[in-house]
Amino acid sequence: MSAAALGARRPLAPDRPSGWWRPPFVAPPLGRGAAGSAVVLHSAPLSSEVGRVKVLLIGAGAVGQVYGYHFQRGGAEVAFYVRGRYAAATRAGFDLYPLNRKSPRAAPVRFEGFEVLTDWAAVAAGGFDIVVICVSSTALRKGGWLTELAGALGDATLVNLTPGIEDLVLITERVPFEQVVSGLIGLLSYPGPLPGETLPSPGMVYWVPPLTKMAFSGPEARTRGVVTALTRGGLRSKRVDDVQAAAAFAGPALQFLVVALELSGWRFAPLRRDKALLALASRATHEAHAVAAARFGGRRPFATRLARPWVLRWVTRLVPRVAPVDMELFFEKHFTKVGDQTEHGLRTLIRLADEYDLPRDAMTGLLARLVDHRER
Ligand SMILES: NC(=O)c1ccc[n+]([C@@H]2O[C@H](COP(=O)([O-])OP(=O)(O)OC[C@H]3O[C@@H](n4cnc5c(N)ncnc54)[C@H](OP(=O)(O)O)[C@@H]3O)[C@@H](O)[C@H]2O)c1
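Just add 96 to the spot in the sequence shown (first one is 1) and you have the numbering used here.
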């Protein structure tokens, strides 16, 4: 789409100032009905029609379903944009298993009562207040859909949840910077059951670690609107200074630990024994932190000093103990699904290290081992 055409974007919801509303209903705590007793077995809209915020989620996968569910619980009118082949399954609604409740796997909560769109004309006509990108960094780059989305966005707040260090730049080449909110996902979500897990029916299982909040940054009013809507829907969220910088410092340790786990056959025990691999992941993390510091400036967070082999080894012991999920299986399933994103992220960091004239030998070594491992 030409710049002129982009400039001609018309506001689609002129009567509904974006970034501002007062959700009229506070949802009950997760997993409890209005009387505070029974498990919520459906998620019908909880507010009146008056003043409801309209939220569109792009992608109805693991993250899209969970964020959509909580927006709806907070009183929003929710819709999904999905590719045609997913339309029927999405219209059928979803079963979700929030693990942050009592007897989490006994019965699912039902998530339905949303619209399903499959073309951009319908998105443009929808008058959405918030549009949330719930796909991977690599999916963001496939096809011309991001430009189509920009043309259909109107004045909606665009929330981007993809983790790539350059994703915001890609988006703001098409959508005005002051319209974009960045988000950091602080939960894990997967299509259950995993092997060995018992559920009454298949569904999306998700867990928010204790004290964790979904983080957002961007223009103040728009960011606050997103945070308020999700928090009212039971998904704790907060506004932070800069999600991009936070992700660039916090992401590599997990990202490279996961690469090392993949190289260890998705098993923690062999990874713990592989001192050389842990040392490589640790050095790669420090190289990535140097890239983050060059790109975002400011002081490196204290936690970046903890990316040492013994800490990584300790994390592989701690995580399986605290998570109510088989983390080896979760990591294998999730990071196989987004394997192209992991590789893309690593290649991007190596290129940026070159551009900033920074060391990148460990990242290059890790990438070479990953590519070799995947080719075998
Ligand atoms: N799941 C988690 O626990 C978790 C935690 C933290 C961060 N994240 C991040 O969140 C992002 C999404 O992860 P996810 O687990 O939700 O992935 P997912 O389950 O694969 O969901 C993404 C969905 O979006 C669809 N999609 C891709 N391109 C699309 C497009 N142009 N238009 C409409 N739909 C499109 C995908 O379809 P196809 O499968 O056909 O491509 C898929 O159904 C990733 O960057 C991931 O790293 C996830």
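All C-beta atoms, glycine included, are put in the ideal place defined by N, C-alpha and C.
Euclidean distance between Cα positions of residue i and residue j
{"i": "residue 220", "j": "residue 464", "result": "44 Å"}
{"i": "residue 446", "j": "residue 459", "result": "7 Å"}
{"i": "residue 358", "j": "residue 399", "result": "24 Å"}
{"i": "residue 249", "j": "residue 152", "result": "10 Å"}
{"i": "residue 385", "j": "residue 411", "result": "19 Å"}
{"i": "residue 188", "j": "residue 182", "result": "10 Å"}
{"i": "residue 124", "j": "residue 328", "result": "At residue 124 the pLDDT is 36, less than 50, meaning the model places this residue with poor confidence and gives no usable figure here."}
{"i": "residue 252", "j": "residue 241", "result": "17 Å"}
{"i": "residue 254", "j": "residue 414", "result": "36 Å"}
{"i": "residue 444", "j": "residue 300", "result": "31 Å"}
{"i": "residue 158", "j": "residue 308", "result": "18 Å"}
{"i": "residue 279", "j": "residue 312", "result": "4 Å"}
{"i": "residue 467", "j": "residue 439", "result": "8 Å"}
{"i": "residue 354", "j": "residue 430", "result": "10 Å"}
{"i": "residue 427", "j": "residue 419", "result": "12 Å"}
{"i": "residue 294", "j": "residue 288", "result": "9 Å"}
{"i": "residue 448", "j": "residue 269", "result": "19 Å"}
{"i": "residue 265", "j": "residue 156", "result": "24 Å"}
{"i": "residue 392", "j": "residue 160", "result": "28 Å"}
{"i": "residue 286", "j": "residue 148", "result": "29 Å"}
{"i": "residue 213", "j": "residue 184", "result": "11 Å"}
{"i": "residue 243", "j": "residue 338", "result": "25 Å"}
{"i": "residue 389", "j": "residue 451", "result": "13 Å"}
{"i": "residue 186", "j": "residue 375", "result": "44 Å"}
{"i": "residue 335", "j": "residue 323", "result": "7 Å"}
{"i": "residue 271", "j": "residue 246", "result": "6 Å"}
{"i": "residue 434", "j": "residue 180", "result": "21 Å"}
{"i": "residue 115", "j": "residue 350", "result": "Residue placement at residue 115 cannot be trusted, given a pLDDT of 30 that sits under 50; what the coordinates show is reported in the next sentence. Spanning the two alpha carbons is a distance of roughly 32 Å."}
Beta-ladder partner(s) of residue i, from DSSP
{"i": "residue 302", "result": "194, 285"}
{"i": "residue 253", "result": "226"}
{"i": "residue 334", "result": "311"}
{"i": "residue 174", "result": "151"}
{"i": "residue 279", "result": "312"}
{"i": "residue 206", "result": "191"}
{"i": "residue 71", "result": "Missing from the structure shown is residue 71; the chain here goes from 97 to 472 and no further."}
Status (buried if at least 16 other CB within 10 Å, exposed otherwise) for residue i
{"i": "residue 456", "result": "buried"}
{"i": "residue 217", "result": "exposed"}
{"i": "residue 204", "result": "buried"}
{"i": "residue 198", "result": "exposed"}
{"i": "residue 469", "result": "exposed"}
{"i": "residue 461", "result": "exposed"}
{"i": "residue 194", "result": "buried"}
{"i": "residue 373", "result": "buried"}
{"i": "residue 494", "result": "An answer regarding residue 494 cannot be provided, because it is not within the stretch 97 to 472 covered by the chain."}
{"i": "residue 273", "result": "exposed"}
{"i": "residue 395", "result": "exposed"}
{"i": "residue 343", "result": "buried"}
{"i": "residue 200", "result": "buried"}
{"i": "residue 139", "result": "Here the model assigns residue 139 a pLDDT of 40, short of 50, so the residue's position is not dependable and the matter cannot be decided."}
Candidates the options: closest to residue i by CA position
{"i": "residue 453", "options": "383, 417, 466, 393", "result": "383"}
{"i": "residue 263", "options": "237, 249, 288", "result": "237"}
{"i": "residue 348", "options": "381, 285, 258, 281", "result": "381"}
{"i": "residue 208", "options": "242, 191, 373", "result": "191"}
{"i": "residue 260", "options": "156, 272, 233", "result": "233"}
{"i": "residue 320", "options": "277, 376, 180", "result": "277"}
{"i": "residue 37", "options": "158, 230, 167", "result": "Because the chain is modelled from 97 through 472, residue 37 falls outside the range shown and cannot be assessed."}
{"i": "residue 378", "options": "298, 395, 306, 402", "result": "402"}
{"i": "residue 405", "options": "368, 304, 362, 395", "result": "368"}
{"i": "residue 409", "options": "370, 256, 467, 310", "result": "370"}
{"i": "residue 314", "options": "341, 292, 302", "result": "341"}
{"i": "residue 275", "options": "317, 174, 356", "result": "317"}
{"i": "residue 423", "options": "333, 435, 302, 375", "result": "302"}
{"i": "residue 441", "options": "258, 180, 172, 417", "result": "258"}
{"i": "residue 225", "options": "243, 172, 180, 267", "result": "172"}
{"i": "residue 166", "options": "210, 202, 396, 391", "result": "210"}
{"i": "residue 150", "options": "429, 433, 416, 175", "result": "175"}
{"i": "residue 282", "options": "148, 214, 332", "result": "332"}
{"i": "residue 475", "options": "287, 449, 416", "result": "No information on residue 475 is available, as it lies outside the stretch 97 to 472 that the chain covers here."}
{"i": "residue 306", "options": "284, 325, 295", "result": "284"}
{"i": "residue 235", "options": "310, 267, 164", "result": "267"}
{"i": "residue 256", "options": "350, 310, 304, 397", "result": "310"}
{"i": "residue 206", "options": "244, 162, 228", "result": "162"}
{"i": "residue 437", "options": "352, 387, 397", "result": "352"}
{"i": "residue 154", "options": "227, 180, 223", "result": "227"}
{"i": "residue 513", "options": "291, 435, 375", "result": "Since the displayed the chain opens at 97 and closes at 472, residue 513 lies outside it and no answer follows."}
{"i": "residue 164", "options": "304, 326, 298", "result": "326"}
{"i": "residue 170", "options": "215, 196, 330, 361", "result": "330"}
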